[in-house]
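Sequential numbering from 0 applies to the sequence shown in numbering that gives the first Met the number 0.
Virtual Cβ for every residue (Gly too), placed ideally from N, Cα, C.
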Amino acid sequence: MTSPDIIVIGGGIAGISAAAMMSEDAEVLVLEREPQTGYHSTGRSAATFIRNYGNATLRALNAASEPVLAQPDGIAESSLLSPRGELLVANEEELDALKAYAAGGSGIDHITADEAVQLVPILKRDRLVAGLYEESAQDIDVDRLLQGYIRLLRSRGGQIVTNSEVVAIIREGNDWRVETKGLSVTAPVVVNAAGAWADIIANMAGVQKIGLQPFRRSAVLMAVPSDISGAEKWPLIASAEETWYAKPDAGKLLISPADEDPVDPHDVWPDDMVLAEGLHRFEEATNFPITRPTHSWAGLRSFTSDRTPVAGFAPDAPGFFWLAGQGGYGVQTSPALAALTHALCCGKSPALATEVVTAISPARFALG
Ligand SMILES: Cc1cc2nc3c(=O)[nH]c(=O)nc-3n(C[C@H](O)[C@H](O)[C@H](O)COP(=O)(O)OP(=O)(O)OC[C@H]3O[C@@H](n4cnc5c(N)ncnc54)[C@H](O)[C@@H]3O)c2cc1C
């Protein structure tokens, strides 16, 4: 495929899901730098769907994505979601954050501190003032989601080339020439789904950057002691100000310091001090015994200044499409963003409301 209709740069969930959808109407080629798809943020997430997570635009994207994740026709045989629930807990200082989360949300129950401890008995009762319980929060099977989109893409004739780092993007007439060390391909449309590297890709193409900032977020897996029973049924628990969170994961407990340290895009790993401080915050809020983690990792959550994803054609470069800035929501919003990318790149009407399409358009940065 030396001259596809659309070249997608980035084989994470954003690029792969969009490529799979667009391959219904177009010849699509995905170029991924790493030897495998999903190696960066996509393979390092907490794999959770939370309907009320994020601002109003994100909540609209979450709502549009949920039916696809629940009934992924053409992507997987059965639902990619499974029940989990989310419990947000607040001490006296975090009550405002709790109120802000509940505002404008749906399906959120206010619960007492006693009820919170009944749900998750490791919580320290004396520190708690109130809680919110969101029953509809669910686990996402990220691997099945990604593999399902890959199968769909390939069944429609789309291609993924791994070990293919894009090193140059040149405007040639009405096309973009995209070069890796071993390939040179042209297409009228390039989709920039390069995750934390999306501004670097724009710079390569001479397109105005969107001011993307990658932030490191870390997590550990810790064994659940044998005298604690029923842990696999706990909801995801988080402090209202998101200073830590934890969730059961394959018989262990995933604990995150919910760190958000700005870094340059790179193959990120956790900082020992950040992990230690985060685990200390978790230890202050719970009676869970902190031992040596069985595994630790970090990934990048990349945000623009308004913490809202960016999807749409660049106002300053014909055929250059942005699909970036998904922050901490890129897995759960991928079906809606992939459908929007498909619509806009293949000349169809978007299913999303106009105000949502406008809110995520890269044109908002051109104005600034
Ligand atoms: C700890 C953590 C927890 C998270 N939890 C959740 C969660 O519970 N729910 C949720 O929805 N989201 C969560 N997220 C966020 C989510 O993981 C991301 O928003 C999402 O994975 C972004 O997908 P992406 O495809 O844009 O990026 P990536 O998966 O990073 O993919 C971008 C790809 O582009 C490739 N690339 C870059 N430059 C080039 C180049 N020059 N040439 C070729 N390829 C290139 C990279 O190699 C990479 O594979 C979490 C993130 C982290 C770090």
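State the start and end residues of the unbroken alpha helix (DSSP H) segment that holds residue i.
i      : result
ALA337 : 333 to 344
ASP271 : 271 to 284
SER217 : Taken as a continuous stretch (DSSP letters only), SER217 belongs to no alpha helix (DSSP H), being part of the beta strand (DSSP E) at 212 to 222.
GLY130 : GLY130 -> not in any alpha helix (DSSP H); beta strand (DSSP E) instead, spanning 129 to 133.
ALA316 : Run containing ALA316: none; DSSP gives neither H nor E here.
ILE12  : 12 to 21
VAL67  : 55 to 69
VAL356 : 353 to 359
Quick check: the Cα distance between residue i and residue j, rounded to an integer number of angstroms?
i      : j      : result
VAL141 : SER16  : 12 angstroms
GLU133 : LEU86  : 6 angstroms
VAL7   : GLU240 : 36 angstroms
LEU339 : PRO349 : 6 angstroms
CYS344 : SER78  : 28 angstroms
GLU23  : TRP296 : 36 angstroms
SER105 : ARG58  : 10 angstroms
ALA222 : LEU252 : 6 angstroms
GLU92  : ARG280 : 14 angstroms
ARG50  : ALA62  : 7 angstroms
GLY10  : ASP95  : 39 angstroms
LYS347 : VAL116 : 50 angstroms
ALA197 : VAL273 : 26 angstroms
ALA25  : PRO187 : 11 angstroms
GLU354 : GLY229 : 44 angstroms
VAL330 : VAL262 : 21 angstroms
TYR378 : VAL29  : Outside the displayed range of the chain (0 to 367) lies residue 378, so it cannot be described from this structure.
VAL190 : PRO308 : 14 angstroms
ALA89  : ARG124 : 11 angstroms
GLY42  : THR1   : 29 angstroms
TYR148 : THR357 : 26 angstroms
GLY14  : ASN173 : 22 angstroms
TYR328 : ASN202 : 25 angstroms
PRO292 : PRO269 : 12 angstroms
VAL27  : PHE312 : 17 angstroms
LEU80  : PRO71  : 10 angstroms
ILE110 : ILE168 : 54 angstroms
ARG150 : ILE74  : 8 angstroms
State yes or no: is the C-beta of residue i within less than 8 angstroms of the C-beta of residue j?
i      : j      : result
ALA136 : LEU68  : no
PRO232 : THR47  : Residue identity check: residue 232 is Lys in the sequence provided, not Pro. Contact: no.
ILE200 : THR303 : no
ILE12  : SER360 : no
VAL128 : ALA112 : yes
VAL267 : LEU220 : no
ASP108 : LEU131 : yes
ASP260 : GLY277 : no
THR185 : VAL166 : no
MET20  : ALA249 : no
ASN54  : ARG363 : no
SER163 : LEU182 : yes
ALA284 : ARG155 : no
ASP138 : VAL206 : no
GLY194 : SER301 : yes
ALA192 : PHE319 : no
PRO288 : PRO213 : no
ILE227 : TRP243 : no
LEU118 : ALA18  : no
LEU322 : ALA335 : no
THR290 : ILE159 : no
THR161 : GLU65  : no
ALA218 : ALA45  : yes
GLY84  : LEU211 : no
Where do the ends of the beta strand (DSSP E) carrying residue i lie?
i      : result
LEU182 : From DSSP, LEU182 is part of no beta strand (DSSP E); its letter is neither H nor E.
THR111 : 107 to 111
GLU171 : 167 to 171
VAL262 : Unbroken run through VAL262: none, as it is neither H nor E.
GLN137 : 137 to 139
ALA193 : From DSSP, ALA193 is part of no beta strand (DSSP E); its letter is neither H nor E.
ARG300 : 294 to 302
VAL27  : 27 to 30
GLN158 : 158 to 160
VAL7   : 5 to 8
- Enumerated in chain order, which unbroken segments of the beta strand (DSSP E) with a length of 3 residues or greater are wholly contained in the region 234 to 258? 235 to 238, 244 to 248, 251 to 255
- Message: List, from N- to C-terminal side, the beta strand (DSSP E) runs of 3 residues or more that fit wholly inside the region 77 to 109.
- Response: 80 to 82, 85 to 89
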